[in-house]
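Step one of this worksheet: look at the structure below.
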Amino acid sequence: MANTETSLKEAMTAIEGVIGAALVDYTSGMALGTIGGGKHLDLTVAAAGNTDVVRAKLRTMEQLNLKEEIEDILITLGTQYHLIRLLKGRGGNGLFLYIALDSGRANLAMARHQLKKIEAELEV
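Numbering (UniProt numbering), first residue to last: 1 to 124.
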């Protein structure tokens, strides 16, 4: 089992093209841990903004009476992919992993696969 810091470091090294990563509490919008980012990607701002995305999708699913769970949410930009993966089990309720990827270097299928693996090893 890996802690938050170890999991975020693994995301940065194991996933090709990662710009930054965060573990976020979507009940508060606070980042519990961040790595990477920089002047072009403020991960605390991204955490708060993506919290709104997650909340809106969960609310919409409830209104549609969908009995599914969100596996991940993908936002594609001109040069980036933003991937949000909601955590399940072992205290992960209310949390999501967030990664921003350089779309020119990243393999989206592999990034999703690696993020799922990181989630499985994360102990919150």
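Beta carbons: idealized from backbone N, C-alpha and C, even for Gly.
In this structure, the straight-line span from the alpha carbon of residue 1 to that of residue 120 is close to 8 Å.
Look at residue 118 here: in three-state DSSP terms it is helix.
Around the beta carbon of residue 123, fewer than 16 other beta carbons sit within 10 angstroms, so the residue counts as exposed. Residue pairing from DSSP places residue 41 in a beta bridge opposite 38.
Linking residue 78 to residue 18 through their CA atoms gives a straight-line distance of about 15 Å. For residue 43, same chain residues with a beta-carbon under 7 Å away, outside a window of 5 residues either side, are 20, 22, 31, 34, 37 in chain order. Considering only 63, 41, 52, the residue with the shortest C-alpha distance to residue 81 is 41. The Cβ atoms of residue 108 and residue 96 lie no closer than 9 Å to each other.
In the DSSP assignment, the residues bridged to residue 24 are 31, 96.
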